[in-house]
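Student: Here's a structure for you.
Number of protein chains: 2
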Amino acid sequence: MPEGEEKICAVCGDRATGYHFHVMTCEGCKGFFRRSISKGVCFTCPFTRNCTITKAKRRQCQACRLQKCLAVGMRKDSKVPPGRALGWAGASAVQGSRLARHRAGLVPCSGSWLAGP
Amino acid sequence: MPEGEEKICAVCGDRATGYHFHVMTCEGCKGFFRRSISKGVCFTCPFTRNCTITKAKRRQCQACRLQKCLAVGMRKDSKVPPGRALGWAGASAVQGSRLARHRAGLVPCSGSWLAGP
DNA sequence: TGCGGTTCACAAAGTTCA
DNA sequence: TGAACTTTGTGAACCGCA
Ligand SMILES: [Zn+2]
Ligand SMILES: [Zn+2]
Ligand SMILES: [Zn+2]
Ligand SMILES: [Zn+2]
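Quick note, the sequences are listed as chains A and B, same order. Quick note, the first sequence lines up with residues 1 to 117 if you use the numbering used here. Quick note, the second sequence lines up with residues 118 to 234 if you use the numbering used here.
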């Protein structure tokens, strides 16, 4: 990370505190991502899965917040670099149950709130 | 919460206990709003739909109290700032039945006690 | 020294009962 | 109806290991 580089959370735009799960994020998104992934929860967006995530609104839609976390590349370090770079379809190449992959931050939860391409 | 913000209920002026349904309100208006919305009730103002809502009088007209709740922005979570900012007409863009929108705190109940502009 | 994990006080939603 | 209470998620501050 080049010095003097802005420390801005890639998820919500709040002040970031460093790299967390491979992405520059704030303490809030760091904790949110860890809690979400470790519990294997599935959130549901009450709208159209395109809520804007800002510091002020990040608590209002967990589904879109988690979606954004994954979209910017957050993942548990566990194993193979995700197929995410190839789109969600690529992630299915990774071994393990879907839930296991979900917990590793490789895939969103089973299709309910994020349609793969 | 903005620092030094007054802890006054935006609906009735009583002492507020924090943000409830996105608005700084007292325990009474918090409970009243949840009960009203979750049950999808329709109140009718016995007067001209412009009753003043104060701590002392808030119990006297449920229709106007609920109208005031909506006017100051109270809404069930999981609902983005509705079309309310655009007037009631804008809310009709929100998907779902009118009752669903009503229960989400997006629209008043069907025209009986609040005439849209 | 940076980052994952833990702790814990706090905010807000729901519940109870006089 | 609403004061008091329970429940759940949040995030700032820590802690400890590379
Ligand atoms: Zn963030
Ligand atoms: Zn959303
Ligand atoms: Zn009030
Ligand atoms: Zn009235």
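Every residue, glycine too, gets a C-beta built ideally from N, C-alpha and C. Every value quoted in this text rests on a predicted model; they were computed, and no experiment measured them.
Going by the C-beta, is Phe47(A) closer than 7 angstroms to any heavy atom of ligand 2?
Tutor: Checking every heavy atom of ligand 2 against the Cβ of Phe47(A), one is found closer than 7 angstroms.
Student: Provide the residue(s) that pair with Thr25(A) in DSSP beta bridges, ordered along the chain.
Tutor: According to DSSP, Thr25(A) bridges with Gly18(A).
Student: Mapping the DSSP letters down to three states, classify Ile37(A) as helix, strand or coil.
Tutor: Of the three classes helix, strand and coil, the one that applies to Ile37(A) here is helix, per DSSP.
Student: Could you work out which residue in Gln67(A), Gly13(A), Lys76(A), His102(A) is closest to Lys55(A) when comparing CA atoms only?
Tutor: Nearest of Gln67(A), Gly13(A), Lys76(A), His102(A) to Lys55(A), Cα basis: Gly13(A).
Student: Taking Gln60(A) as the reference, give the member of Gly73(A), Ala71(A), Met74(A), Thr44(A) with the closest Cα.
Tutor: Among Gly73(A), Ala71(A), Met74(A), Thr44(A), the Cα nearest to that of Gln60(A) belongs to Thr44(A).
Student: For the alpha helix (DSSP H) that Lys68(A) lies in, which residues bound it at each end?
Tutor: Looking at the DSSP string, the run of the alpha helix (DSSP H) that includes Lys68(A) is 62–71.
Student: Hey, would you say Val23(A) sits closer than 8 angstroms to Val72(A), going by beta carbons?
Tutor: Yes. Within cutoff.
Student: Taking 7 angstroms as the cut-off, is the beta-carbon of Arg58(A) closer than that to any non-hydrogen atom of ligand 1?
Tutor: Because some heavy atom of ligand 1 lies under 7 angstroms away, the Cβ of Arg58(A) counts as near it: yes.
Student: Sort His102(A), Arg75(A), Cys9(A) by Cα distance to Ala53(A) and report the nearest one.
Tutor: For the sequence presented, residue 53(A) should be read as Ile rather than Ala. Here the closest residue by C-alpha is Cys9(A).
Student: For the candidate residues Thr17(A), Phe21(A), Phe47(A), whose alpha-carbon lies nearest to that of Gln62(A)?
Tutor: Comparing Cα positions, the closest option is Phe47(A).
Student: Relative to the C-alpha of Ala68(A), which residue among Gly40(A), Lys39(A), Gly105(A), Gly18(A) is closest?
Tutor: The identity of residue 68(A) in the sequence shown is Lys, whereas the question assumes Ala. If we check each option's Cα against that of Lys68(A), Gly105(A) comes out closest.
Student: Rounded to the nearest angstrom, what separates Phe21(A) and Lys156(B) at their Cα positions?
Tutor: Each residue's alpha carbon lies about 43 angstroms from the other.
Student: Between the C-alpha atoms of Glu27(A) and Cys168(B), what's the straight-line distance to the nearest angstrom?
Tutor: Going by the C-alpha atoms only, they are around 46 angstroms apart.
Student: To the nearest angstrom, how far is it from the Cα of Pro135(B) to the Cα of Phe149(B)?
Tutor: Contrary to the premise, residue 135(B) reads as Gly rather than Pro in this sequence. Cα-Cα distance, rounded: 15 angstroms.
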